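Peer 1:
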Amino acid sequence: MAGPVGIAHMAGIRLTLLAELAALSMILLTACDPVTQVKGVVRDDNGHPLQQLAVVLESDAHPSGGVAFQKESEQKTGVDGAFNFVTITAPANQVRVRIEQAGYKSWRKDIEPNSTTDLGVIVLEPE
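Take this note's numbering: the final residue in the sequence shown is number 151, and no numbers are missing along the way.
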């Protein structure tokens, strides 16, 4: 019969195995789905980081076969103006990044679907 230490050890092994199985499942799921990664830093025309801006990842994937873009994912820039998407995207012919902020001109950039893209520094111009 196992004592309290033996039971705790077995429970720890089971939790470790469950965590490893969950991680493997996520890897297998994402290996089957298209993944788009895009990162960059948003600054104003003086070089200052623009924080808490909404950066939107859009695709042209539509169940009806239309060509209008739809939002796949959105996040806010950090205090340093940086953003980094790693997202599973619907199969699409086109993917783009859109940044809109009051007081600045809108910014859009088409990127390659299912790829890794570093946009570098993005400068938003005032309106």
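By construction, the Cβ of each residue, glycine as well, lies at the ideal position given by its N, Cα and C atoms.
Bear in mind that the values here come from a model prediction, so they are computed numbers and not experimental data.
What is the DSSP secondary structure of GLN7, counted as helix, strand or coil?
Peer 2: Any question about residue 7 goes unanswered here, given that the chain covers just 25 to 151.
Peer 1: In chain order, what residues of the same chain lie with their CB nearer than 7 Å to the CB of TRP131, ignoring the 5 residues before and after it?
Peer 2: Once the five neighbours on either side are set aside, the close Cβ partners of TRP131 are ILE123, ILE146 and LEU148.
Peer 1: Exposed or buried, what is PRO137 when buried is set at 16 or more other beta-carbons lying within 10 Å of its beta-carbon?
Peer 2: Result: buried.
Peer 1: How big is the Cα-Cα spacing for THR60 and ASP68?
Peer 2: Using only the alpha carbons, I get a separation of about 26 Å.
Peer 1: Thinking just about the alpha-carbon of each residue, which of PHE109, PRO58, THR140 and ASN117 is nearest to the one in ALA78?
Peer 2: It is PHE109.
Peer 1: Count the other C-beta atoms from every protein chain shown that fall within 10 angstroms of the C-beta of SER83, then say buried if there are 16 or more, exposed otherwise.
Peer 2: Buried, because 16 or more other Cβ atoms sit within 10 Å of the Cβ of SER83.
Peer 1: Rounding to the nearest angstrom, what Cα-Cα distance links LEU81 and ARG120 in this structure?
Peer 2: Answer to the nearest angstrom: the Cα atoms are 6 Å apart.
Peer 1: Should VAL66 go down as buried or exposed, given a rule of 16 or more other Cβ atoms within 10 Å for buried?
Peer 2: It is buried - the Cβ of VAL66 has at least 16 other Cβ atoms within 10 Å.
Peer 1: Could you tell me which residues DSSP puts in a beta bridge with ASN108?
Peer 2: Answer is LYS63.
Peer 1: Alpha carbon to alpha carbon, how far is ASN70 from PRO58?
Peer 2: Roughly 37 Å separates the two Cα atoms.
Peer 1: Reducing DSSP to helix, strand and coil, say where GLY71 ends up.
Peer 2: Three-state DSSP puts GLY71 in coil, outside helix and strand.
Peer 1: Exposed or buried, which one is GLU98 when buried takes at least 16 other CB atoms within 10 Å?
Peer 2: GLU98 comes out exposed.
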